[in-house]
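Asker: Got a structure for you, written out below as structure tokens; questions coming shortly.
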Amino acid sequence: MPDSPLIGQCDCGATAGPLGVCADYYHAILAEEQADPEMYRWHAPVVCAYLLQHPSRGHEKYLDSQFRYLQFYVDKGLDALLRVAAHQVARNNHRARSGYDMTPVATYAPLPLGRTPRYFRATFCELPCSDGSFVSDGHLAYGRRIETIAEATLEAWRSLQA
Ligand SMILES: [Zn+2]
């Protein structure tokens, strides 16, 4: 059965880590950040990078916005992203939910269509998790690892255009 996924391999191409495939890491991160406001600051980059590394788990109509927001994050930094996100929440409270506000990210490149990357140089199932925590060596170290995953995600998608 050549088409069946390899045991211990994630659909992004990564080899599973001690917790399992990326989905296992992703859900563990979402659970831990719920109880840790400082860790939760990286929530948006985590969601965007995870869905762009596993596009079959996302919604096709949001992947383009998520790709642009990830570019915004790598370009402008976390504080700028959080300011935009706060504005976004206020906006969604005033109107019916209509997905992402594209105004802040309109100048960034759209998601390449047609193909999806098969390799990322940094993935979720490589994240160190010690004693059940992703931030045991500090939030800044965790943030740097999320930024590396974000950069790797953009690189892989951009390489499809080359
Ligand atoms: Zn994966």
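If you read the sequence shown in UniProt numbering, its first letter stands for residue 1, the second for the next number, and so on. No residue lacks a Cβ here, since even glycine has one placed at the ideal position from N, Cα and C. On a predicted model such as this, the values are computed, not experimentally measured, just so you know.
For Gln9, does the three-state DSSP call read helix, strand or coil?
Answerer: If DSSP states are grouped into helix, strand and coil, Gln9 belongs with the strands.
Asker: I'd like to check one pair, Ala150 with Ala49: are the Cβ atoms closer than 7 Å?
Answerer: Yes, these two residues count as a Cβ contact at 7 Å.
Asker: What three-state label does DSSP hand Thr123 in the structure shown?
Answerer: Thr123: coil per DSSP, three-state reduction.
Asker: Please classify Ser136: does DSSP put it in a helix, a strand, or coil?
Answerer: Ser136 falls in the coil class under three-state DSSP.
Asker: Taking only three categories from DSSP, how would you classify Gly58?
Answerer: Coil.
Asker: Go ahead and pull the three-state DSSP assignment for Gly114.
Answerer: Here Gly114 sits in coil by DSSP.
Asker: Nearest by alpha-carbon distance to Ala153: which of Gly114, Tyr142 and Val74 is it?
Answerer: In the sequence under discussion, the amino acid at residue 153 is Thr, which differs from the Ala named in the question. Closest option to Thr153, Cα to Cα, is Val74.
Asker: Using the beta-carbon count (16 or more within 10 Å), is His54 buried or exposed?
Answerer: So His54 ends up on the buried side.
Asker: State the Cα-Cα distance for the pair Tyr142 and Ala90, rounded to the nearest angstrom.
Answerer: Distance between the alpha carbons of Tyr142 and Ala90: 28 Å.
Asker: Are Ser65 and Tyr100 close, meaning C-beta to C-beta below 7 Å?
Answerer: Yes. Within cutoff.
Asker: Between which two residues does the alpha helix (DSSP H) holding Met39 run?
Answerer: Met39 -> alpha helix (DSSP H) spans Pro37 to Tyr40.
Asker: Taking 8 Å as the limit between beta carbons, can you name the residues of its chain near Glu126, skipping five residues before and five after?
Answerer: Taken in chain order, the residues that qualify are Ala14 and Gly17.
Asker: With a threshold of 6 Å, establish whether the CB of Ala14 neighbours any heavy atom of ligand 1.
Answerer: Checking every heavy atom of ligand 1 against the Cβ of Ala14, one is found closer than 6 Å.
Asker: Could you spell out the range, first to last residue, of the alpha helix (DSSP H) harbouring Gln53?
Answerer: From DSSP, the alpha helix (DSSP H) with Gln53 extends over His43 to Gln53.
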